[in-house]
Ligand SMILES: [Zn+2]
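Numbering (this note's numbering), first residue to last: 17 to 116.
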């Protein structure tokens, strides 16, 4: 009894904030000193930033390809390389306007 309370006070009174977090890049658990830390290290921070930039580019070009494909496919059968989900997604975009 009382130990928990002292333990609690110790943490409240300590000036350093220690927050257990999971690195967004490597998914390791680490102790963050600020509540805004997202990475266990600068290395992960930089790597994730790079990865995000690359993903964004891929997503952008992916979208372009999909839009082009949609425009081509709208007058044809959905191509076989499209998954059912992708095909129905494309169909949903165009069925509203271009239902035969
Ligand atoms: Zn990390």
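Note that CB positions come from ideal geometry on N, CA and C, so glycine has one too.
Could you check whether residue j and residue i sit closer than 7 Å to each other, using their CB atoms as the reference points?
i	j	result
residue 46	residue 60	no
residue 37	residue 48	yes
residue 76	residue 106	no
residue 64	residue 40	yes
On the DSSP bridge assignment, give the partners of residue i in chain order.
i	result
residue 45	38
Give the C-beta separation of residue i and residue j to the nearest angstrom, bearing in mind that I take them to be a contact with Cβ-Cβ under 8 Å.
i	j	result
residue 74	residue 50	About 31 Å; that fails the 8 Å criterion.
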